[in-house]
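Line order of the protein sequences matches chains A and B. With my numbering applied, the first sequence closes on residue 77, and no number is skipped along the way. With my numbering applied, the second sequence closes on residue 735, and no number is skipped along the way. Virtual Cβ for every residue (Gly too), placed ideally from N, Cα, C. Computed from a prediction, not measured in an experiment: that's the story for all the values here.
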Amino acid sequence: MFRTVSHTDYGDSMVPHVGEEAGRGVAGFYAAPPPGAPGMPAPDPALVRTGPTTVSAWAARQRW
Amino acid sequence: MTSPASNSSPLTVLVHGATGAQGAPVVRRLLAEGHQVLALVRRDSALAEGVEPVRGDLDDPASLARAYTGVDAVVVQLPLVFDPSRAQAQAEAVLSALREAGVPRAVFNIGGPLVPVLVGVPYLDARTVLATGLPSAVGVASVVGPAGPYVENLSAAWSAPQVRDGTVAYPLPAGAPVPWLALEDLAEAVAEALVAETPPAVQVLAGPEALTGDQLAAAL
């Protein structure tokens, strides 16, 4: 099951592991831009390179 | 993946952040390809077998120039620095040291979105400064960054317990297709850019499939 969490909640979960500054900073990547501010532009498709590793292949190699 | 024609001779490559989540896969890849790997370290660190430590500090430009001297290439990864008085200065120190040491080529792993202009966020602005200045600092420059999050975020200590219990909790809309990227694919792109005669100036790296939240949960 997938559940969307707020970037602040995600930051809360990171802080005990990486510290306050890094946890809040990284989680801030996922904050919505302020009203009226432009969002992050999508990358130029000409610059995109696709890697071979699928999520399922990667997950199968993890020690969960 | 395909790459431009490449030089197969082993290189001496200095790697920033060699023990970090993003640097370690790069180191493994470079070692597997037969390159000599140097790790930029501020203090004694446990390094992978075969990796030689070289002292240097992003807050000490002269130490960077010394560390870079004589290498064939540098792989730069900047730490997440939130102090505005240090973040951009570190990026400028890297550029200055690359020029002073005459480093032939460098690959910069942004580690996040490529932001084309300064936005007032120290660690993002540092990355913009470095990405923008790199082509004028070395002979061959290449910048790589992810199109989306890394799959390794899902196995991080703050996520893995929930994933084990069957829930992926992430700050993205459930319906948005996301091209999750594995760090081993990032490492492959970095390694190819280091040996390509004419690597892409900028690459945005994506996973092979864009998954919605439910598709992601099912794939795990």
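Straight-line gap, residue i to residue j (C-alpha atoms, nearest Å)
i                  : j               : result
phenylalanine 15/A : threonine 727/B : 9 Å
valine 622/B       : leucine 526/B   : 13 Å
alanine 533/B      : valine 552/B    : 9 Å
alanine 45/A       : glutamate 564/B : 42 Å
threonine 517/B    : histidine 20/A  : Model confidence at threonine 517/B stands at a pLDDT of 47, short of 50, so the residue's coordinates are unreliable and nothing is read from them.
valine 678/B       : valine 528/B    : 36 Å
glycine 617/B      : glycine 654/B   : 9 Å
proline 599/B      : arginine 543/B  : 32 Å
serine 69/A        : alanine 734/B   : 5 Å
alanine 588/B      : valine 569/B    : 14 Å
glutamate 699/B    : alanine 577/B   : 32 Å
proline 65/A       : glycine 722/B   : 7 Å
glutamine 592/B    : glycine 648/B   : 15 Å
For residue i, the nearest candidate out of the options (CA to CA)
i               : options                                : result
leucine 639/B   : Gly626/B, Leu649/B, Pro650/B, Gly648/B : Gly626/B
threonine 584/B : Gln718/B, Gly635/B, Ala612/B, Arg558/B : Ala612/B
tyrosine 43/A   : Thr17/A, Val31/A, Thr66/A, Ala73/A     : Thr17/A
aspartate 574/B : Pro628/B, Val589/B, Glu607/B           : Glu607/B
tyrosine 23/A   : Leu701/B, Asn668/B, Ala716/B           : Asn668/B
glutamate 615/B : Leu546/B, Leu579/B, Glu567/B           : Leu579/B
proline 477/B   : Leu562/B, Ala656/B, Gln730/B, Arg581/B : Residue coverage of chain B in this structure runs from 516 to 735, which leaves residue 477/B outside it and unanswerable.
Chain A residues whose Cβ lies nearer than 7 Å to that of residue i
i             : result
alanine 684/B : Arg16, Val18
Interface residues of chain A facing residue i [CB-CB closer than 9 Å]
i             : result
leucine 696/B : Gly64, Thr66
leucine 720/B : Val61, Arg62, Thr63, Gly64
glycine 728/B : Met14, Phe15, Arg16, Thr17
alanine 539/B : Within 9 Å Cβ-Cβ: nothing; alanine 539/B doesn't reach chain A, min ~15 Å.
Chain A residues whose Cβ lies nearer than 8 Å to that of residue i
i               : result
glutamate 724/B : Thr67, Val68
leucine 687/B   : Thr17, Tyr43
proline 606/B   : Sequence inspection shows alanine at residue 606/B; the proline mentioned does not correspond to that position. Chain A residues near alanine 606/B: none, gap ~16 Å exceeds 8 Å.
glycine 681/B   : Met14
aspartate 572/B : Going along chain A, no residue has its Cβ under 8 Å from aspartate 572/B, so there is no contact; the nearest lies around 19 Å.
task: Go through the segment 545–630 of chain B residue by residue and report every complete run of the beta strand (DSSP E) that reaches 3 residues or more, in order.
output: The segment 545–630 of chain B contains these whole beta strand (DSSP E) runs: 551–556, 566–570, 588–592, 620–624.
task: Check distances from the C-beta atoms of the segment 24–35 of chain A to those of chain B and list, in chain order, the residues that come in under 7 Å.
output: Ser26, Met27, His30, Glu34, Ala35
task: Check distances from the C-beta atoms of the segment 705–717 of chain B to those of chain A and list, in chain order, the residues that come in under 8 Å.
output: Going along the segment 705–717 of chain B in chain order, one finds Pro715, Val717 with a Cβ nearer than 8 Å to chain A.
task: Could you tell me which uninterrupted alpha helix (DSSP H) segments, each at least 4 residues in length, are contained entirely in the segment 669–730 of chain B, listed from first to last along the chain?
output: 675–679, 698–710
query: Closer than 7 Å, Cβ to any Cβ of chain A: which residues of the segment 579–599 of chain B, in chain order?
result: Leu595, Phe597
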